Amino acid sequence: MRELVHPVYTLPGVPGRGVMKLQWGMVIDLRRCVGCHACTVACQIENGLELQERWNKVFKVGPEGHFPYLTYYNFTAACMHCQEAPCVEGCPTGASRREDNGIVVVDETRCIGCKFCVLVCPYEARRFDHKRGVVRKCTLCIERLNNGQLPRCVETCQLKARHVGDLDDPEGEVVQLIRRENAQPLFPHLGTKPSVYYIVP
120 MRELVHPVYT LPGVPGRGVM KLQWGMVIDL RRCVGCHACT VACQIENGLE
170 LQERWNKVFK VGPEGHFPYL TYYNFTAACM HCQEAPCVEG CPTGASRRED
220 NGIVVVDETR CIGCKFCVLV CPYEARRFDH KRGVVRKCTL CIERLNNGQL
270 PRCVETCQLK ARHVGDLDDP EGEVVQLIRR ENAQPLFPHL GTKPSVYYIV
320 P
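Using the working numbering, read the sequence shown as starting at 120 and increasing by one per residue.
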């Protein structure tokens, strides 16, 4: 029944490389985001989150300019899956780690709920789950990716503002978008090397 509501979209294949060997990244085109929050709701459903719990946040930036010529845009943020992740470096138990495919995950069986990773994340991407006693966050739908499916937020976005793919594939859609549209990561000066890039209006 669920698949009737959420059709399954599959990832295009990368010749000679399996999904486990890719370096996953995302490009978010803020020019196309209308702030509908469909990605937020899809993430909540996929991960069984409470109504007030959001791993994927959407908010407005602006207005900018002078009346009546005011502009604003919608910004969406989740875990940036950093190559140099402070949460991974600061985790005392190794519960936070970066997988070989570039996705930063939390092993809930090793998390002691110290919340240090929450404090050191400059993107405020982590949340402490009081019921479980552990920290949780966006996983980029790693299980779906490993099965050749798109992350739920990417699949759900009707305006195609989100694109996921291999950062090591120079001919892939994500790398091409980064180059062509000069997509930039958030807070690059921090040296965390995020795997999420933005196309800004």
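We put the beta carbon where it would ideally sit given N, CA and C, even for glycine.
Keep in mind it's a predicted model, so treat the numbers as computed, not measured.
- Just measuring C-alpha positions, the residue of 202, 235 and 266 sitting nearest residue 212 is 235.
- Boundaries of the alpha helix (DSSP H) around residue 205: 205–209.
- The stretch 306–313 makes no contact with the stretch 178–193: fewer than 3 CB pairs, one atom from each, lie closer than 8 angstroms.
- Following the DSSP letters along the chain, one finds residue 157 inside the alpha helix (DSSP H) bounded by residues 157–166.
- Between the C-alpha atoms of residue 285 and residue 239 there is a straight-line separation of about 27 angstroms.
- Apart from the 5 residues on each side of it in sequence, residue 258 sits with its Cβ closer than 7 angstroms to the Cβ of 222 and 224 in its chain, given in chain order.
- Under the DSSP assignment, residue 189 falls in the beta strand (DSSP E) whose first and last residues are 188–196.
- By the Cβ test, the stretch 214–221 is not in contact with the stretch 152–171, since fewer than three Cβ pairs between them sit closer than 8 angstroms.
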